Amino acid sequence: MTADVAGSVRSAAVRAWRGVRWYLREWSGEARWDDYLAHCAAHGHQPVSRREFERRRADERERTSVSRCC
Numbered sequence: 001m002t003a004d005v006a007g008s009v010r011s012a013a014v015r016a017w018r019g020v021r022w023y024l025r026e027w028s029g030e031a032r033w034d035d036y037l038a039h040c041a042a043h044g045h046q047p048v049s050r051r052e053f054e055r056r057r058a059d060e061r062e063r064t065s066v067s068r069c070c
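With the UniProt record's numbering applied, the sequence shown corresponds to residues 1 to 70, in that order.
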């Protein structure tokens with residue numbers, strides 16, 4: 001019986017960790033790289049390097065940022 005409890009606690013901890021990891025990857029933007037690679041593979045495009053991808057993301061974020069009061 002103790003092994004069943006330990007197994008269910010371990011299973012719950014693994015699920016919780018996966019949820020936290022997913023959330024942090026989405027929040028930080030890390031998952032966008034994986035989405036980009038999947039998009040390239042689906043459409044037969046050659047992906048740019050990770051560095052170029054991040055540079056383009058930063059440029060786009062800077063270009064579209066709005067800093068005004070109203």
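We treat Cβ as the ideally placed atom computed from N, Cα and C, and that holds for glycine.
The model shown is predicted, which means the values in this text are computed figures rather than measured ones.
* Helix, strand or coil at H39 according to DSSP, with G and I counted as helix -> Looking at H39 - three-state DSSP - the assignment turns out to be helix.
* Asked: DSSP state of S8, grouped into three classes?
  -> Correct three-state label for S8: helix.
* To do: Note down the Cα distance separating W33 from S65, rounded to an integer number of angstroms.
  => Their backbone Cα atoms lie some 21 Å apart in a straight line.
* **Cα-Cα separation, H39 to P47** => Between the alpha carbons of H39 and P47 lies a distance of about 9 Å.
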